[in-house]
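The numbers in the numbering used here rise by one with no breaks, and the one at position 34 of the sequence shown is 353. The structure appears right after this line, and notes come after that.
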Amino acid sequence: LDAFPVHGACGAWGVLSVGIFATRSNIIRTYGYDNDAILSGNQFRNQFIGMLVIMLWSSGMSALVFFPLKFAGLLRVDKEMEEVGLDASEHGRSSAIQLGAHGAEKKVVEP
320 LDAFPVHGAC GAWGVLSVGI FATRSNIIRT YGYDNDAILS GNQFRNQFIG
370 MLVIMLWSSG MSALVFFPLK FAGLLRVDKE MEEVGLDASE HGRSSAIQLG
420 AHGAEKKVVE P
């Protein structure tokens, strides 16, 4: 899955970019008052700390969910389902991307 590049890296950039590109007028519009966080560089520091807290929270909550599932043996599907493919075993048909001379074409494969 490409979840980290989309949600993790782009989310981190979104948080940090506030500290880089923030303006006084946007601070006033958002918080209702002005502060010196932009001029002193504290806004970027605050955004960076916030990003670290989000990363630690997400990692910790994921660990609380996924480690017990792993140790209970509920995180993976059985070998037969894995070899057949989850599309076929769960939905009764398989969908695969075929790479050909004309690029990628989606091909539905019947079981």
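C-beta atoms are modelled at their ideal positions from N, C-alpha and C, and glycine is treated no differently.
Three or more C-beta pairs under 8 Å: does that hold for the stretch 330-346 against the stretch 362-374?
The answer is yes - the stretch 362-374 touches the stretch 330-346, with three or more Cβ pairs under 8 Å.
Does DSSP put TYR352 in a helix, in a strand, or in coil?
In the structure shown, TYR352 sits in coil (DSSP, three-state: anything other than H, G, I, E or B).
Going by DSSP in three states, ASP406 sits in which element: helix, strand or coil?
Of the three classes helix, strand and coil, the one that applies to ASP406 here is helix, per DSSP.
Suppose you measure from the CA of LEU394 to the CA of PHE385; what does that come to, to the nearest Å?
Cα to Cα, LEU394 sits roughly 7 Å from PHE385.
Using the Cα positions of ILE357 and ARG343, report the straight-line distance between them to the nearest angstrom.
When rounded, the distance between both Cα atoms is 7 Å.
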